[in-house]
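Each residue of the sequence shown is one higher than the last, beginning at 445 in the working numbering.
Each remark here refers to the structure printed beneath this line.
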Amino acid sequence: MARTPGTNPWFDLFARCMEEMEFEERWTLNFNYNLDPDLDVEKRKEGWKIYKTSSFGRFDCPCSNSWSSAHVVILFHYRLRRDRGLVLMRAFRQQCRNCSNSSQQKPQITNKQLKQVFDRLILKILKNCYGEEVGNVQRKLLHRKTKPHETSLCEACALGICRNQDDEVD
Ligand SMILES: [Zn+2]
Ligand SMILES: [Zn+2]
């Protein structure tokens, strides 16, 4: 799938959120579907920080089944070095329950939900990269009806980082 920079809604939204912050440094977002759930010593030494959160999202399988989940786990590694900030993002996939096709689907997250995710991330960036005092983020938990979470179909569960709804303190 070729992707022209600037045409992905997640990149666009991230760029808009960062513009609002008026950082002097240039922040870039990249996807990395192999991002490690932990930071090793090397990575920490290099200045990487980690943030894990979750959001509400939808999944569409090519078999035409679709489902919603309140446990779309999203993982970020981020680092500010000199005048460049880099954010790596991994949204964990889920597998369709109706199909023998074992390929996992990537989540779709509405701009509104994703904005909330980025807002939380930005608070972490302010705190950990710029040393600003930020209050605890009030999370409005959504009580939407979704089918029970099937751990066997969830990529984040397989890695043991799902269902732990506490945002990582780092
Ligand atoms: Zn399917
Ligand atoms: Zn899970």
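Just so it is clear, CB atoms sit at the ideal spot from N, CA and C, and this is done for glycine as well.
Assumed close pair Q552, Q538 - CB separation to whole angstroms, cut-off 8 Å: Their Cβ separation, rounded to whole angstroms, is 11 Å, which puts Q552 and Q538 out of contact at 8 Å.
Taking 8 Å as the threshold, find out whether the region 458–474 comes into contact with the region 559–567 through three or more Cβ pairs. yes
Ligand 2 heavy atom lying under 6 Å from the CB of A411: There is simply no residue 411 to check, as the chain begins at 445 and stops at 614 in what is shown.
Between which residues of its own chain and T595 is the CB-CB distance below 6 Å, once the five residues before and five after are set aside? C601
At a cut-off of 6 Å, would you count C540 as near ligand 2, judging by its Cβ distance to the nearest heavy atom? no
Nearest-angstrom Cα separation, counted from H521 out to I494: 5 Å
Please state if the CB of W492 and the CB of R523 are separated by a distance shorter than 7 Å. yes
For the beta strand (DSSP E) that R488 lies in, which residues bound it at each end? Per DSSP, R488 belongs to no beta strand (DSSP E); it is in the alpha helix (DSSP H), 485–489.
Using a Cβ-Cβ cut-off of 7 Å (strictly less than) and excluding sequence neighbours within five positions of P453, which residues of its own chain qualify? N555
Alpha carbon of L558 to alpha carbon of C507, nearest angstrom: 26 Å
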